[in-house]
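Let me begin by presenting the structure, written as structure tokens, before commenting on it.
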Amino acid sequence: MYLLNSLHKLVPTEKVSMAGGCALNSVANGKTLLETPFREHCIQPAAGDDGLALGSALYVSNSILKEGKRWVMKNSYLGDEYSDSFIKTELEKYKLSYKKQEREELIDATTEEIKNGNVVGWFQGKMEWGPRALGNRSILAHPGFPNMKDILNARIKHREAFRPFAPSVLVEHQAEIFEQNHPSPFMLHVYKIKPEWRKRLSAVNHVDDTGRLQTVAREENPLYYDLIKKFESKTGIPVILNTSFNENEPIVCQPYEAIECFLRTKMDVLVIGSFFCKKNVSD
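Oh and the sequence shown: position 89 is 76 in this note's numbering, straight run, nothing missing.
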């Protein structure tokens, strides 16, 4: 914070952009907006070494080709995407039973599982670029079940108990739930949860009453937004617990990786493309 405050004295502006591995420190990022005069904080989601590819492309565009284009990065969904026909072939390779559903039926069935305390693997659209799962390669669960952290760690993640899970919140409800209102679409800020929401969000409320949130806007991810909106209509909670779709390995990218992770862990449901897959009791 000392460096940022010193920077502001040299360059008195309300906007600051950051890059490099240190820019992925979500606790420090949250404090930047509390303890410095900066009011706008811009960090692209792949702020570490992987961001060099973006920097190189922008350098060529602006400095060599002189295109002079301005590009605002509104989401991180830049990775691979798979058709339903491809996904169906993969499901059949693994002899996994499935039901193909229309969009609204898929959303309703998925939120019903989450509402009932089940753990859902959610594989949709283009993969996220950067280290965070932001609703396309995610494991989803109820944010208000006090034992959900233990369930996820025991069944799937097998990681240290003290590590928190993230809340994905509808952007219009951020100010209602969190003490800071600067959007965090790339899950790069930690904010305090307001007292009246701490018990209701017990599975994503860290020991210091904070959450590393992802704000979700419909224009950036319509399917994920509508999923959370439907969950809100069933529970009164405009938040879903979101953690990366993996088990001590890189986040799944291809359908077969999601299927294998689903089969070898105690995940309850896999929602992959338009297909809803639920394990049999014997699985």
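Positions of the beta carbon are idealized from the N, C-alpha and C atoms, including for glycine.
Open item on the list: Taking 8 Å as the threshold (C-beta atoms), are Ile227 and Ala120 in contact?
Closed with: Result no, Cβ atoms of Ala120 and Ile227 do not sit closer than 8 Å.
Task: Close beta carbons around Arg185, own chain, < 8 Å, minus the five adjacent residues each side - done: The residues are Asn192, Asp196.
Open item on the list: With the cut-off set at 8 Å, would you say Pro32 and Ser4 are in Cβ contact?
Closed with: No, Cβ-Cβ distance for Pro32 and Ser4 is not below 8 Å.
- [ ] Please report how far the alpha carbon of Asn168 lies from the alpha carbon of Glu22, in whole angstroms.
- [x] Their backbone Cα atoms lie some 15 Å apart in a straight line.
TODO: Classify Tyr64 as helix, strand or coil using the three-state DSSP reduction.
DONE: Looking at Tyr64 - three-state DSSP - the assignment turns out to be strand.
Open item on the list: For Ala40 and Glu166, I'd like the C-alpha separation in whole angstroms.
Closed with: The straight-line gap from Cα to Cα measures roughly 35 Å.
Open item on the list: Please report the straight-line C-alpha distance between Gln111 and Val156, rounded to a whole angstrom.
Closed with: Using only the alpha carbons, I get a separation of about 18 Å.
TODO: Could you give the DSSP three-state label for Trp58: helix, strand or coil?
DONE: Annotated three-state conformation of Trp58 is coil, per DSSP.
Open item on the list: In this structure, how does DSSP classify Trp116 when only helix, strand and coil are distinguished?
Closed with: Three-state result, Trp116: coil.
Open item on the list: If you reduce the DSSP assignment to three classes, tell me which class Thr76 lands in.
Closed with: For Thr76, the three-state secondary structure derived from DSSP is helix.
- [ ] State the start and end residues of the unbroken beta strand (DSSP E) segment that holds Lys2.
- [x] The continuous beta strand (DSSP E) containing Lys2 extends over residues 2 to 4.
Open item on the list: By the three-class DSSP mapping on this structure, what secondary structure does Tyr178 have?
Closed with: The DSSP-derived three-state label of Tyr178 is strand.
- [ ] Rounded to whole angstroms, what's the CA-CA distance from Gln88 to Phe263? Just pull it up for me.
- [x] Using only the alpha carbons, I get a separation of about 7 Å.
Task: Identity of the residue in Tyr(-11), Ala190, Val256 nearest Leu200 by Cα - done: The residue among Tyr(-11), Ala190, Val256 with its C-alpha nearest the C-alpha of Leu200 is Ala190.
Task: Length of the line joining the Cα atoms of Trp116 and Ser43 - done: Between Trp116 and Ser43, the C-alpha separation is close to 16 Å.
Task: Residues sharing a beta bridge with Leu257, DSSP - done: As a beta-bridge residue in DSSP terms, Leu257 pairs with Gly108, Cys264.
Open item on the list: Whole angstroms are fine: how far does the CA of Phe25 sit from the CA of Thr98?
Closed with: Answer to the nearest angstrom: the Cα atoms are 38 Å apart.
Task: Chain-order list of residues whose beta-carbon lies under 8 Å from that of Gly17 (same chain, five-residue window excluded) - done: Sequence-distant partners of Gly17 (beyond 5 residues in either direction) whose C-beta falls short of 8 Å from its own C-beta, in its chain, are Gln167, His176, Val177, Tyr178, Thr197.
Open item on the list: Can you tell me where the beta strand (DSSP E) holding Gln201 begins and where it ends?
Closed with: Gln201 -> beta strand (DSSP E) spans 197 to 203.
Open item on the list: By alpha-carbon positions, which one of Phe173, Lys144, Lys181, Val47 ends up nearest to His160?
Closed with: Closest option to His160, Cα to Cα, is Lys181.
- [ ] Could you tell me the distance, in whole angstroms, from the CA atom of Gly283 to the CA atom of Ile101?
- [x] Look at the range of the chain in this structure, -12 to 270, and you will see that residue 283 is not part of it.
Task: Candidates Ile246, Cys240, Lys82, Lys217: closest to Glu91 by CA position - done: Out of Ile246, Cys240, Lys82, Lys217, Lys217 has the C-alpha closest to the C-alpha of Glu91.
- [ ] Helix, strand or coil for Arg185, going by three-state DSSP, please let me know.
- [x] Coil at Arg185, not helix or strand.
Open item on the list: What does the alpha-carbon distance come out to for the pair Ile246 and Leu78?
Closed with: Answer to the nearest angstrom: the Cα atoms are 7 Å apart.
Open item on the list: Report the CB separation of Thr202 from Pro225 in whole angstroms; it is logged as a contact under 8 Å.
Closed with: Contact flag wrong, Cβ pair sits at about 11 Å.
Task: Same chain only: Cβ atoms within 7 Å of Ala148, ignoring 5 sequence neighbours per side - done: Asn140, listed in sequence order.
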